[in-house]
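Remarks on the structure that follows.
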Amino acid sequence: MQHNWNFSSVFAYWDVLLIGLSGTVKLFAITCIAGLIGGLVIGILRYSKNRWMSYPARLYVEVFRNTPVLVQIIWFFFAMPVVIGVEISAFMAAFLGITLNTAAFSAEVFRGGIQSIEREQWEAGKAIGMNYGTTMRRIILPQALKRMLPPLTSRGIEVFKMSTLASVVAYPETLQQAKLIASYEYNPIEAYTIVALMFFLVLLPMVQLTYLLERRFGKAD
Amino acid sequence: MQPAVKIHNLHKSFKELHVLRGIDLDVQQGEAVVLLGSSGSGKSTLLRCINFMEEPNEGQVRINGDLIGTERSGRMVYRESELCKLRTRVGMVFQHFNLFPHKTVLENVMEGQLVVLGRSKAEASEKAMLQLARVGLAEKAPEYPARLSGGQKQRVAIARALAMDPEVMLFDEVTSALDPELVGEVLKTMRQLAEEGMTMVCVTHEIGFAYHVANKVCFLNEGKILEQGPPQQVLKNPKTDRVREFLEGHSLFKLP
Numbered sequence: 001m002q003h004n005w006n007f008s009s010v011f012a013y014w015d016v017l018l019i020g021l022s023g024t025v026k027l028f029a030i031t032c033i034a035g036l037i038g039g040l041v042i043g044i045l046r047y048s049k050n051r052w053m054s055y056p057a058r059l060y061v062e063v064f065r066n067t068p069v070l071v072q073i074i075w076f077f078f079a080m081p082v083v084i085g086v087e088i089s090a091f092m093a094a095f096l097g098i099t100l101n102t103a104a105f106s107a108e109v110f111r112g113g114i115q116s117i118e119r120e121q122w123e124a125g126k127a128i129g130m131n132y133g134t135t136m137r138r139i140i141l142p143q144a145l146k147r148m149l150p151p152l153t154s155r156g157i158e159v160f161k162m163s164t165l166a167s168v169v170a171y172p173e174t175l176q177q178a179k180l181i182a183s184y185e186y187n188p189i190e191a192y193t194i195v196a197l198m199f200f201l202v203l204l205p206m207v208q209l210t211y212l213l214e215r216r217f218g219k220a221d
Numbered sequence: 222m223q224p225a226v227k228i229h230n231l232h233k234s235f236k237e238l239h240v241l242r243g244i245d246l247d248v249q250q251g252e253a254v255v256l257l258g259s260s261g262s263g264k265s266t267l268l269r270c271i272n273f274m275e276e277p278n279e280g281q282v283r284i285n286g287d288l289i290g291t292e293r294s295g296r297m298v299y300r301e302s303e304l305c306k307l308r309t310r311v312g313m314v315f316q317h318f319n320l321f322p323h324k325t326v327l328e329n330v331m332e333g334q335l336v337v338l339g340r341s342k343a344e345a346s347e348k349a350m351l352q353l354a355r356v357g358l359a360e361k362a363p364e365y366p367a368r369l370s371g372g373q374k375q376r377v378a379i380a381r382a383l384a385m386d387p388e389v390m391l392f393d394e395v396t397s398a399l400d401p402e403l404v405g406e407v408l409k410t411m412r413q414l415a416e417e418g419m420t421m422v423c424v425t426h427e428i429g430f431a432y433h434v435a436n437k438v439c440f441l442n443e444g445k446i447l448e449q450g451p452p453q454q455v456l457k458n459p460k461t462d463r464v465r466e467f468l469e470g471h472s473l474f475k476l477p
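Residue numbers (the working numbering), protein chains in the order written: chain A, 1 to 221; chain Z, 222 to 477.
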């Protein structure tokens, strides 16, 4: 099959793509931070010995980890107005879907990380007069974080790419903008190739940064 | 002067297992007490009840006259805040050191002072260096624990407990996880502490240490104190066959 590669028809819309990229970065930054904080809270609840805390946390994790984010975003966008009578924006729908899913995923990472720290470290904190919260914050979490860093950073990369799912509700992120260009110019192959290239160029240095971070965290060994 | 530790009728069970069956023990100020006994006799559990790492089911513990816990309808109840405060007054050193691997030696010794006692960084660091010098490890202050030998780790753990200015120190088999050639440096540090008048309760299998350093030796058997007294008496002229048997087991392969 013959195809006339025409990338200039994509580059002509560089400003449209730039708006998309900034939308992607914004969605990524907010969902990533909110998801991690939510995950930390749910992870700690999930670790709790109190059933009234750990069971609801577990239910939350199972619901959001075992349903597709794409479906969640669509559901929030179209069902929320019906269920609670409030219209939500495309950004809000994407934010909820990705954040709640990331929180569920990272909750499991946090719980596993906390659980992997030896019981003796709790004892050592306790023996110098620390309470549960202080021991968690000063002794357990810093050590657990080091072990959690690889799964959390790889999740971060996933979240960055997951932001493209927001195009399903027409939130103006990179893929959505490329779709627009493709529908005007009939150049989907070129437009989507550029999208892939843009993601690669942003993510590659980010990944290098995470390696650096992991090495810095490992300095005590 | 009231005893530094006064234990009355202490009982502790883990589920159906009745480990401590009514312990009475006084530790005078400045005294070094060694708890002996075979494994399962309850000596570690007794030690861990003194700083409430384990909560006793029955009985009373007084530290320098202060009763720990409040009695409510015939049972003692303990608040976490009260126990945290108590643990700053009663230091503990563990068999496996339990240093914080993500902190330097200096930070390990400063941590409790900063976070629990609320001391300033300058004061905490000064006190930490003082205690590290006391255990002979001032030059290791900037190292991470992973770079230390077992004996050095244990001495840092001792400094970490001492930095809280405790009224009593508890030692839970602190040489059991060490290579034989490293045992000496830790015992020497403990002996030095005892000579400086630190009130100490030690669970150990080092009979020689008990003989030379302790003011009092208690032999535990099946959750009770079977014999107690000065080491010369308990270790040289035990009253019961059980203690004699225990000591013979320990001297089976002594050099001629």
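Backbone N, C-alpha and C define an ideal beta-carbon position, used for all residues, glycine too.
Bear in mind the structure is a predicted one, so any value in this text is a computation, not a measurement.
Residue j beta carbon less than 8 Å from that of residue i
i, j, result
"SER163 (chain A)", "ILE98 (chain A)", "yes"
"LEU447 (chain Z)", "VAL464 (chain Z)", "yes"
"THR174 (chain A)", "VAL159 (chain A)", "no"
"LYS161 (chain A)", "PHE199 (chain A)", "yes"
"LEU267 (chain Z)", "LEU256 (chain Z)", "yes"
"GLN316 (chain Z)", "VAL330 (chain Z)", "no"
"ALA57 (chain A)", "ARG46 (chain A)", "yes"
"GLY251 (chain Z)", "THR420 (chain Z)", "yes"
"ILE19 (chain A)", "PRO172 (chain A)", "yes"
"TYR299 (chain Z)", "PHE318 (chain Z)", "no"
"VAL422 (chain Z)", "VAL248 (chain Z)", "yes"
"HIS323 (chain Z)", "PRO142 (chain A)", "yes"
"ILE271 (chain Z)", "LEU391 (chain Z)", "yes"
"LYS437 (chain Z)", "PRO459 (chain Z)", "no"
"GLU360 (chain Z)", "ASN131 (chain A)", "no"
"GLU416 (chain Z)", "ARG310 (chain Z)", "no"
6 Å CB neighbourhood of residue i in its chain, flanking five on each side removed
i, result
"GLY113 (chain A)", "ALA144, ARG147 and MET148"
"VAL282 (chain Z)", "ILE228 and ILE289"
"PRO363 (chain Z)", "THR325"
"MET297 (chain Z)", "GLY290"
"TYR13 (chain A)", "ILE181"
"PHE77 (chain A)", "ALA93 and VAL169"
"LEU303 (chain Z)", "Per the sequence shown, the amino acid found at residue 303 (chain Z) is Glu instead of Leu. Excluding residues within five positions, none has a Cβ falling inside 6 Å."
Residue nearest to residue i in terms of C-alpha spacing, selected from the options
i, options, result
"PHE91 (chain A)", "A:TYR211, A:LYS26 and A:VAL202", "A:LYS26"
"SER8 (chain A)", "A:PHE217, A:TYR186, A:GLU87 and A:MET206", "A:TYR186"
"ARG195 (chain Z)", "Z:LEU246, Z:VAL254 and Z:LYS233", "A question about residue 195 (chain Z) goes unanswered here, because the residues of chain Z that appear run from 222 up to 477."
"ILE284 (chain Z)", "Z:LYS306, Z:GLU292, Z:GLU427 and Z:GLU301", "Z:LYS306"
"PRO150 (chain A)", "A:PRO81, A:GLU214 and A:VAL61", "A:GLU214"
"LYS445 (chain Z)", "Z:SER259, Z:PRO224, Z:GLU237 and Z:GLU252", "Z:SER259"
"CYS32 (chain A)", "A:LEU152, A:GLU108 and A:ILE44", "A:LEU152"
"PHE467 (chain Z)", "Z:GLU276, Z:SER262 and Z:GLN223", "Z:SER262"
"GLU328 (chain Z)", "Z:ARG381, Z:VAL356 and Z:ASP287", "Z:ARG381"
"LYS409 (chain Z)", "Z:LYS437, Z:VAL389, Z:ILE379 and Z:LEU246", "Z:ILE379"
"THR134 (chain A)", "Z:ARG310, Z:GLN449, Z:PHE474 and Z:VAL337", "Z:VAL337"
"ILE428 (chain Z)", "Z:PRO224, Z:VAL389 and Z:LEU456", "Z:LEU456"
"GLU332 (chain Z)", "A:GLU120, A:ALA124 and A:GLU87", "A:ALA124"
"VAL61 (chain A)", "A:ARG119, A:GLY35 and A:MET80", "A:GLY35"
"THR210 (chain A)", "A:SER167, A:TRP52, A:ILE157 and A:LEU197", "A:ILE157"
"GLU275 (chain Z)", "A:ALA127, A:TRP52 and A:ARG138", "A:ALA127"
"GLY286 (chain Z)", "Z:GLU237, Z:ALA225, Z:LEU441 and Z:LEU358", "Z:ALA225"
Supposed close pair residue i, residue j - CB separation, criterion 8 Å
i, j, result
"ARG155 (chain A)", "SER116 (chain A)", "Their Cβ separation, rounded to whole angstroms, is 17 Å, which puts ARG155 (chain A) and SER116 (chain A) out of contact at 8 Å."
"GLN373 (chain Z)", "VAL395 (chain Z)", "No, GLN373 (chain Z) and VAL395 (chain Z) are not in contact; Cβ-Cβ is about 13 Å, not under 8 Å."
"THR308 (chain Z)", "GLY129 (chain A)", "The residue asked about is misnamed: residue 308 (chain Z) is Arg in this sequence, not Thr. That belief holds up - the Cβ atoms of ARG308 (chain Z) and GLY129 (chain A) are roughly 4 Å apart, short of 8 Å."
"LEU320 (chain Z)", "CYS439 (chain Z)", "Rounded, the Cβ-Cβ distance is 29 Å, inconsistent with contact."
"SER472 (chain Z)", "ASP393 (chain Z)", "Actually they are not in contact, since the Cβ atoms of SER472 (chain Z) and ASP393 (chain Z) sit about 24 Å apart, beyond 8 Å."
"ASN230 (chain Z)", "GLY280 (chain Z)", "4 Å"
Own chain partners of residue i with C-beta closer than 8 Å, once the 5 adjacent residues on each side are dropped
i, result
"LEU165 (chain A)", "VAL69, LEU70, ILE73, ALA94, GLY97 and ILE98"
"VAL16 (chain A)", "GLN177, LEU180 and ILE181"
"GLN334 (chain Z)", "ARG340, GLU344, ALA345, LYS348, ALA349, ALA384 and MET385"
Own chain partners of residue i with C-beta closer than 7 Å, once the 5 adjacent residues on each side are dropped
i, result
"GLY38 (chain A)", "THR99 and ALA103"
"SER234 (chain Z)", "VAL240 and ASN278"
"VAL407 (chain Z)", "GLY372, GLN375, ARG376, VAL395, THR396 and LEU399"
"SER370 (chain Z)", "LEU403"
"VAL10 (chain A)", "ILE181, ASN187, GLU190, ALA191 and ILE194"
"SER54 (chain A)", "LEU45, ARG46 and SER48"
- Item | Whole alpha helix (DSSP H) elements within the stretch 115–151 of chain A, 4-residue minimum | 119–127 and 132–135
- Counting only runs that start and end within the stretch 418–463 of chain Z, where is the alpha helix (DSSP H) found for 4 or more residues in a row? 428–434
- Item | Those runs of the beta strand (DSSP E) which lie wholly inside the stretch 330–392 of chain Z and span at least 3 residues | none
- Minimum length 4: unbroken alpha helix (DSSP H) runs contained in the stretch 231–265 of chain Z: none
- Item | Entirely enclosed alpha helix (DSSP H) segments - the stretch 271–324 of chain Z, minimum 4 residues | 301–310
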